[in-house]
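J.: One structure, as structure tokens, below. Some questions next.
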Ligand SMILES: [Zn+2]
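In our numbering, the protein residues as written are 4 to 183.
Now the structure itself:
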């Protein structure tokens, strides 16, 4: 009998409603620290194509694009892969790692993304990884609010955006969350 891929890898996560935001992905089995949880898959498109087709994403506060590398973006708008429903948060229990081919000159098209456990995860826990969004646009209080984070962690910064530009906006606009 031919074993299918599905039979070898029983579902370890499931999509459910999340308290954080819309849908989320939850562990069905325990995961050890460092263990691979699920692969983030989807068709690859170029950055130019992503900019053309999804230029409104930054203003909308919602995207299913995953920057794979300098050449390629995973377009999870197409297809129905569970990993795209994983939420971001300020206290992640998982991380997205990009693995390249083990060759001298790895083909960027063959890079693969695995969501891996940052600590041990119990069944029923929501899987969270830091999206690490870094947009090449001017950051404003409005942009931070558009990408609001509602992860509920005591460490929540209030926005999904991270980095220097975010800190600058927060310093200049201490009431950025209230629209000032
Ligand atoms: Zn948060």
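Heads up, the beta-carbon is just placed ideally off N, CA and C, and yes, glycines get one too.
Given the structure, does residue 66 come close to ligand 1, in the sense that its CB is under 7 Å from one of the ligand's heavy atoms?
T.: no
J.: Give a yes or no on whether the C-beta atoms belonging to residue 86 and residue 118 are separated by under 8 Å.
T.: yes
J.: Go ahead and pull the three-state DSSP assignment for residue 9.
T.: Because the pLDDT at residue 9 is just 49, under 50, the model does not fix this residue reliably, and the value given afterwards should be weighed accordingly. Residue 9: helix per DSSP, three-state reduction.
J.: If you follow the beta strand (DSSP E) that residue 78 is part of, which residue opens it and which one closes it?
T.: 75-78
J.: Suppose the cutoff is 6 Å on Cβ atoms and the five residues either side in sequence are ignored; what does the same chain contact list for residue 99 look like?
T.: Correct list, in chain order: 116, 118, 132.
J.: Would you tell me roughly how many angstroms separate the C-alpha atoms of residue 105 and residue 72, rounded to the nearest one?
T.: Straight-line Cα distance between these residues: approximately 16 Å.
J.: At a cut-off of 7 Å, would you count residue 92 as near ligand 1, judging by its Cβ distance to the nearest heavy atom?
T.: yes
J.: Can you tell me whether DSSP reads residue 160 as helix, strand or coil?
T.: coil
J.: Would you decide whether residue 9 is buried or exposed? Buried here means 16 or more other CB atoms lie within 10 Å of its CB.
T.: Caution applies to residue 9, whose pLDDT of 49 falls short of 50 and renders its modelled position unreliable; the model cannot decide the point.
J.: Applying the criterion that 16 or more other CB atoms from any shown protein chain within 10 Å of the CB defines a buried residue, is residue 188 buried or exposed?
T.: The structure shown does not extend to residue 188, since the chain spans only 4 to 183, so no value can be given for it.
J.: Would residue 163 pass as a contact of residue 138 if the rule is Cβ separation under 8 Å?
T.: no
J.: For residue 196, which residues of its own chain have a beta-carbon under 6 Å away from its beta-carbon, when the five flanking residues on both sides are left out?
T.: With the chain covering 4 to 183 only, the question about residue 196 has no answer from this structure.
J.: Ends of the beta strand (DSSP E) at residue 70?
T.: 68-70
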